[in-house]
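Numbering (the numbering used here), first residue to last: 40 to 292. C-beta: ideal position from N, C-alpha, C; glycine also. Worksheet: one structure, shown below.
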Ligand code: 13P
C-alpha cells in the first residue's frame, strides 16, 4: 500500500499569534504547488484558530500540540478535544517526549488522550522514543513496545483508523544529533511489525510512521528514503517558512 508522506511542523512554545499567522501565510504561498505530500503545522493553542483561518484555503492542515482528555469541566488551564476541533485542527500531537519529561505525561494519560482525540474525530500523532540511557542499556525496543502497547491499549484498529505514529528518539530532539539511517531503519521496521502484531497487517500497512529529531533540509532526503519512514515531525527547522519548505519539497533537493 502506498502511504502519502506527512511532513509536520511542531512549533512548540514559539511564536505569538501574529508571528504564527505571518509564517503560516508565507508557508501557504510556498506550498501552493505541493501535491504529493501532506503538510501539517502545530502552533500553540492560542494561535490555533488564527492559523486555521489563515490556512483555510490552502492544503496545509493544522494540529494541536496536546489536549486534555475530559470533554469539559472544572479543569483550569486545560483544553478539550472538542475545543481543538472547533478551532480548526485536524491533527493532535499526543505524548511528545517534552510532555512526558516536563509535564508528567504517562502512557496512561496518553491512552486517555488518544481516546478523546478519536472521540472528536481528531487524528492523533502518537509520539514515542527512547532516551539516551535507554539506548545505551539496550532497552530501546522494550521501551517503544511499552509506549505503543500501553498508549493504544483497549483500542481497536477501527477506532484507530487515523493514527499516525512518530518515532522521536529523545536524544535526537533539538540536539542536532540525528539518528543514523541504520538506527531509524531498524526502529521503523520494528514499529511496523509491532503494529501488525498488535492489530493487523492492513492496519500496519496503512499507518504512517514519522521520524522526528533534528530533521533539517540536509538530512531529510536520506531519512525519507528509508523504506518505513512515511514522513517527518520537525521542530526547530519548521519555524522558518523558507527552511521548512525545503523539507516539505525534499524530493526536489
Ligand atoms: P527538533 O526538530 O527541533 O529536533 O524537534 C523535534 C521534535 O521534537 C518534533 O516534535
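What distance in whole Å lies between the Cβ atoms of residue j and residue i, which are believed to be in contact at a cut-off of 8 Å?
i, j, result
"residue 231", "residue 248", "7 Å"
"residue 48", "residue 277", "3 Å"
"residue 270", "residue 44", "5 Å"
"residue 132", "residue 101", "That belief does not hold up - the Cβ atoms of residue 132 and residue 101 are roughly 11 Å apart, past 8 Å."
"residue 191", "residue 237", "7 Å"
Verify whether the separation of the beta carbon atoms of residue i and residue j is less than 9 Å.
i, j, result
"residue 142", "residue 199", "no"
"residue 46", "residue 273", "yes"
"residue 97", "residue 84", "no"
"residue 123", "residue 161", "yes"
"residue 167", "residue 107", "no"
"residue 194", "residue 154", "yes"
"residue 87", "residue 127", "yes"
"residue 74", "residue 280", "no"
"residue 286", "residue 69", "no"
"residue 268", "residue 223", "yes"
"residue 120", "residue 94", "no"
"residue 189", "residue 146", "yes"
On the CB-based measure, 16 or more other CB atoms within 10 Å of its CB, does residue i come out buried or exposed?
i, result
"residue 111", "exposed"
"residue 139", "buried"
"residue 144", "buried"
"residue 157", "buried"
"residue 72", "exposed"
"residue 240", "exposed"
"residue 116", "exposed"
"residue 125", "exposed"
"residue 292", "exposed"
"residue 244", "exposed"
"residue 114", "exposed"
"residue 77", "buried"
"residue 137", "buried"
"residue 169", "buried"
Please list the segments of the beta strand (DSSP E) lying wholly inside the segment 219-252, counting only runs of 3 or more residues, in order along the chain.
-> Taking 3 residues as the shortest admissible run, the segment 219-252 contains the following complete beta strand (DSSP E) segments, listed from N- to C-terminal end: 247-251.
Determine contact between the segment 146-156 and the segment 168-179, defined as no fewer than three beta-carbon pairs at a distance below 8 Å.
-> Segments in contact, no.
Inspect the CB distances between the segment 212-222 and the segment 247-264 and report whether three or more fall short of 8 Å.
-> The segment 212-222 vs the segment 247-264: in contact.
Start-end ranges of the beta strand (DSSP E) lying completely within the segment 69-114, minimum 3 residues = Runs of beta strand (DSSP E) with 3 or more residues, each lying fully within the segment 69-114, are found at 77-81, 99-103, listed in chain order.
At which residue ranges does the segment 145-194 contain complete beta strand (DSSP E) runs of 3 or more residues, listed in the order of the chain?
-> At a cut-off of 3 residues, the continuous stretches assigned as beta strand (DSSP E) that sit fully inside the segment 145-194 are 162-167.
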